[in-house]
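In this note's numbering, the protein residues as written are 446 to 489.
A short worksheet on the structure shown next.
Here it is in structure tokens:
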């Protein structure tokens, strides 16, 4: 996974498929996602 940041967005792509799709997230949504990962919200 590769993550790139810009002023108003965060871009994510598969590092093994660099010509594949790129997902774009708003910075607030990305920050909320990262906080959820750190808090264990996605642990099974």
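In this text, a Cβ means the ideal position worked out from N, Cα and C, and glycines have one as well.
Excluding sequence positions up to five away, which residues of its chain have a Cβ less than 6 Å from the Cβ of residue i?
i: residue 448; result: 457
Between which two residues does the alpha helix (DSSP H) carrying residue i extend?
i: residue 447; result: Here residue 447 belongs to no alpha helix (DSSP H); instead the beta strand (DSSP E) covers 447 to 450.
i: residue 483; result: 472 to 484
Take residue i and list the residues in its own chain whose beta-carbon comes closer than 8 Å to its own, dropping the five residues that flank it on each side.
i: residue 467; result: 456, 457 and 458
i: residue 487; result: 481
Out of the options, point me to the one whose CA is closest to residue i's CA.
i: residue 465; options: 446, 473, 488 and 451; result: 446
i: residue 490; options: 476, 480 and 489; result: As displayed, the chain neither begins before 446 nor continues past 489, which places residue 490 out of reach and without an answer.
Looking at the strands, I want to know which residues DSSP matches up with residue i.
i: residue 456; result: 449 and 469
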